[in-house]
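Just so you know, the protein sequences line up as chains A and B, in that order. Quick note on numbering: the first sequence equals residues 1 to 196 in the numbering used here. Quick note on numbering: the second sequence equals residues 1001 to 1651 in the numbering used here. Glycine residues also receive a C-beta, built at the ideal position from the N, C-alpha and C atoms. Because the structure is a prediction, the values reported are computed rather than measured.
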Amino acid sequence: MKRFLIPLGLFLVLVVFLAIGLNRDPHEVPSPLVGKPAPAFSLEKLAEPGKTFSPADMQGQVWLLNVWASWCVSCRAEHPLLVAFSRQGGLPIVGLNYKEVRGDGGIDAKKLSPADEASLTRQRAGAWLSQHGDPYTLSVLDMDGRVGIDYGVYGVPETYLIDKKGVIRFKQIGPITPDALEKKILPLARQLAAES
Amino acid sequence: MIPEIGSFALVLALLVALVQGSLPLIGAQRGIPAWIALARPASSMLFLLIAVAFGCLTASFINNDFSVVYVAQHSNSRLPLEYRISGVWGGHEGSLLLWVLMLSLWSLAVAAFSRSLPDDMVARVQGVLGLVAAGFLLFILLTSSPFERLLPGAEDGRDLNPLLQDPGLIFHPPMLYMGYVGFSVAFAFAIAALLSGRLDAAWARWSRPWTTAAWIFLTLGIGLGSIWAYYELGWGGWWFWDPVENASFLPWLVGTALIHSLAVTEKRGSFKNWTVLLAIGAFSLSLLGTFLVRSGVLSSVHAFASDPKRGIFILVFLAVVVGSSLTLFAWRAPKVSLGGAFALMSRETLLLINNVLLLSAAGAVLLGTLYPLVIDALNLGKLSVGPPYFNAVFTPLMVPLLFLMAVGPVARWKHTSLAEIARPLRWAFGIAVAAGVSIPFFYGGWSGSVALGMGLAIWIVGASVLQILARTRSGLPPRAFWGMHLAHMGVAVTVVGIVMVTQYESERDVRMAPGDTVKTGDYQIRFLGVEGISGPNYNAAKGNLELLKDGQLVMPLHPEKRKYLSSAMPMTEAFIDPGLTRDIYVSLGDPLEGGDGAWSVRVYYKPFVSWIWGGAVLMALGGLLAASDRRYRLKSTAARAGKLAAQGAAS
C-alpha cells in the first residue's frame, strides 16, 4: 500500500511549492542599479526649451524619477495616481519623457529632422500633460532613449526613488500601484528623508 | 444581447456538466440504468451549449462589439477578419473557452465512437469528463468571463498582440489544446477503470486509440508552435526551452510513454498500475501546464497578465483533480493483479526502458522548469534555467532511447534472445555506422555529434525498412504496424533536422547598403534597398533583396519590419525561402547611420531545418494509422464480455 502513496506525496510537495510561488512575482528582478548612484545626464526641459536639468540639481532631496511617454498605455493607468500624489505634495517627481516620437509605432521618425522631432515631441508631450494633468515638478526629454539605456529602462513606465545623495534606493518596474506606493515607496521615502 | 446569450449558455453548460459529472457516475456504481443512460445525451448537450457560447464570442469579435471588454482588449476595427476570428483565443478568457469547447468535443466524440463499450464504462468516462468540464466552466464564470461588458463601450479596440497576428496562431492553439485536453479521455478511462475495479486488457484496448489521437494533436500543435516561433520571432530559433513550451512538451513525453505502456498492458496484461499512473500523469501535466501558463508564476516569452485569484482557483482545481485521482490510485492499485511474467531479454523489458528514459527526460524538464520557482519559494534567490541545462540533461537520455527504438519492434514478447534481435538488424547497424561516420566529412569536417545523430537516424530508418520488407513477405500487415514504423521514422527525420541545423547552420549579421552582396552557403544575397509600405493596421519597411546562385536570380526576398499602429512594438517579419535540404532566412534589423540607406540585415543558412517539422508530421501520420487500425473498430470479445458483466451488475 505504502509505495502507491508515493505519487500522491510527491504531488502534495509540488502543490505546496506552487502555492508559495503564486505569491511571488517572477518579474520582480532586483535591479543592479539599486544602491548605486543615479547615472548622470543633462537633458533639455520640456517646459523651458534650451534649459537643461541634471540629477545633481536635486542633491539634498529625496525624489522620484518617473519614465513616461504619451504612447505608453500603462502610463495612462498610472497617471491619475501620480497626479493625486503630487497634489498631496509628498515628493518631487521628475518626469523622464522617453522616446516620445521614436517609440511610437505610428510615426516614421527617420523621416523627421532633429528639429522637427524636438518640436513634435514637445507638442505631443505637452498636449498629453494638459489633457491628463501634470504631476511633474518638471519633465525632461530623452528623445533618442540614451538616458533610458543608462537607467536600464526596459518597459515604460518605470520609477526610481533617489535619495539625498543621489543614490537609487528603489526601482518600480511597470505602473506604480496604490499598494506599492503605500507599502513600499512612501515608507522608504520617509525613512530616507530622515537620513542626514 | 449576443454576449448575454453566451453568458447564459455557459451557465446552462455548467449545470449540464454537473449533471453529467454526478448522475452517470453514481448510476454506474449503484447499477441504475436510467442514470447511466444520461451520459451520452448530457455530453451532446454540453457540447451544444459551449459551442453556442463560443459562437457568441466569435460573433462579438466579427461585429467589432467593443462594449465587450475582452473584444476591446484583443481586437480592433482595422484588424483583418481572419485575425478577428482567431483573436477569440488570443487572450486568457477566450483560450479557456476554447479549452472547454475542445473538452466537450472530446466528450462528444467518446459518446459517438464508443458504441461497442459497456454502458457503465461509458457512463464513468463521461462522468469524469463532465467533472473536469464543470471545474473549468466554474473557473470561467467566476474569474474569467469573456462576456463582461464595458459601459460605455470603447470607441475602438486595443488590437490583438502583433505577435499573434499570424496564420500560425490560427491553428497552433486549437491543435495544442486538442492534444492537451485529449489526454483527459485517457485520464477518464483510467479513473473509470480504477472505480470499476476492472483494470484489464480490454480497458487498455479502449484507451489506446484515444490516447494516440490526443498525442497526434499534441505532436502537431507543438510542431506548429515551433514553426511559428521560427519565422515569427525573427531570430530563427525553433525551440527555446521556454516554460510554456516545456508545459506542452511534458505531457507529450509522458503521453508517448503512455502509448508504449498501454501496448504492454493490452498485449501482456502487465504494467497495469504503471499505465494508470501514466494516464493520470499525462493529464495532470496538461493541467499543470495550464496553471503555469495562466497564473504567471513563471516568467516566459508567453507571459500573460496574471491575476492571483485565477492562479489560486487553478491550483485548488489541480490539487482536487490530481490529489483525488492519486488517492484513488493508492487505494485501488494494491489490489490489481500482476500481469504475465517476462524474461530480462524481452519486448516488455525494452518498453520498460523506453518508459524509464521518457519519464526521466520528463522529470528533468519538469525540474528545470520549476527550479526557479522552488528556489524563489525557499528564499534562495532568483535565477533562471536556460537551454544549456536542458540540452545537457535531455540529449544523453535521448541517445539510448533512439538506439533502442530500432530494437524494440524486433524483440518478441515474453522472451527473446540477443541473436534473434541482432540477426535481422546487422545490416542496418553496419550501414548506420558507416554512414554516420562518413556524413560529417561531406559537410566540411568531423563532428562527433553529427556522426552520432545521423548514425542513430539511419539506424532507426534502416531497421524499420528491414522489418517492413520482412513482414510484407507474409501478407499485408495491419495499419498499426505501418503506423508504428512511420512514427519511428518520423522521429529519425526530426533527429536529422535537429542535428544538421544545430551543427551546420550559419548566421551572419551584416551591414548592407544598396548594391551590396553577401555570401551564404552556395548562395549570394544582394541588397537593393528598403521601401515603406502600409498594411491594414500597420506600417512597414519592406526590404528588397535578391537570392542569387552563380549570379543567376533564384528569387526575390522581401523581409519586413512592421510597426503596428496600436502598439509601439516593432515586429520583424522574416522572409524564408524554404527547401528540402536548406532554408534561407533573411530578416531586417535596423537602419544604420551613414546616409547611404544601409540596414543591418540578418542572414541565416539553415540546413535541413524543415526536417524537424516534417518528422513531426510523419509522427502524426503514423499515429493516425495506428489509431485507425481495424481491430479498434471491431467489437472485441473482451468488450462483449464486459458488457455482459455490466448487465449482470445492473440487474
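Taken through DSSP and simplified to helix, strand or coil, B/D1590 comes out as strand. Under the three-state reduction of DSSP output, B/V1068 falls in the strand class. For the pair of segments examined, the region 1119–1137 of chain B was found to touch the region 1176–1196 of chain B: the number of CB pairs separated by less than 8 Å reaches three. Checking the DSSP bridge columns, you'll see A/R87 has no partner listed. In its chain, beyond the 5 residues on either side, Y1585 and Y1604 have a beta carbon closer than 6 Å to the beta carbon of B/G1236. Residues of chain A with a Cβ closer than 9 Å to the Cβ of B/V1601 do not exist; the shortest Cβ-Cβ separation is about 17 Å. The beta-bridge partner set that DSSP reports for B/R1149 consists of B/V1068. Using beta-carbon distances, B/F1329 counts as an interface residue toward chain A, with a partner under 8 Å. B/D1550 and B/D1516 have their C-alpha atoms some 16 Å from each other. If you ignore the 5 residues before and after B/F1217, its C-beta comes within less than 7 Å of the C-beta of M1175, M1178, G1179 and G1182, all in its own chain and listed in chain order. Between B/S1346 and B/A1411, the CB-CB gap stays under 8 Å. For the region 1120–1139 of chain B, the beta-carbon criterion of a distance under 7 Å to any beta-carbon of chain A is satisfied by none of its residues. Of the residues B/W1252, B/F1249, B/L1253 and B/V1276, the one whose Cα lies closest to the Cα of B/L1262 is B/V1276. Beta bridge pairing from DSSP links B/V1510 with B/V1601. Take the alpha-carbon of B/V1407 and the one of B/S1043: they are about 43 Å apart.
As the crow flies, the alpha-carbon of B/G1444 is around 60 Å from that of B/W1331.
For B/Q1020, the closest C-alpha among the options B/M1045, B/D1200, B/F1441 and B/A1009 is that of B/M1045. Judged by their CB atoms, B/F1317 and B/G1135 are nearer to each other than the 8 Å cut-off. What B/F1291 touches in chain A, judged by beta-carbon distance under 8 Å, is L18, going in chain order. As computed with DSSP, A/M143 is found in no beta bridge at all. Counting only residues of its own chain and dropping the five nearest sequence neighbours on each side, B/N1355 has a CB closer than 6 Å to the CB of A1257 and S1261.
Across the set B/L1370, B/L1199 and B/H1558, the C-alpha of B/H1558 shows the shortest separation from the C-alpha of B/F1575. Per the C-alpha coordinates, the member of B/Y1231, B/L1012, B/G1339 and B/G1225 positioned closest to B/T1572 is B/Y1231. With a cut-off of 8 Å on Cβ pairs, the region 1386–1402 of chain B is not in contact with the region 1319–1330 of chain B, counting fewer than three such pairs. Taking the CA atoms as reference points, B/I1002 sits about 21 Å from B/W1099. Within the region 1108–1146 of chain B, the complete alpha helix (DSSP H) segments at least 4 residues long are 1119–1143, listed from N- to C-terminus. If you keep only unbroken alpha helix (DSSP H) runs of at least 4 residues inside the region 1376–1444 of chain B, you get 1387–1407 and 1418–1442.
The DSSP-derived three-state label of B/G1532 is strand. Between A/P7 and chain B, the shortest Cβ-Cβ separation is below 8 Å.
The shortest CA-to-CA distance from A/K45 to any of A/A118, A/P187 and A/K165 is the one to A/A118.
Here the C-alpha atom of A/M58 lies approximately 13 Å from the C-alpha atom of A/P37. Note on geometry: alpha-carbon atoms of A/Q131 and A/P80 lie some 12 Å from one another.
In this structure, the alpha-carbon of B/F1527 lies about 17 Å from that of B/G1521. Residues of chain B whose Cβ lies closer than 7 Å to the Cβ of A/F11 are, in chain order, V1322, G1323 and L1326.
The continuous beta strand (DSSP E) containing B/M1555 extends over residues Q1552 to L1557. Residues of chain B whose Cβ lies closer than 9 Å to the Cβ of A/V15 are, in chain order, L1315, L1318, A1319, V1322 and G1323.
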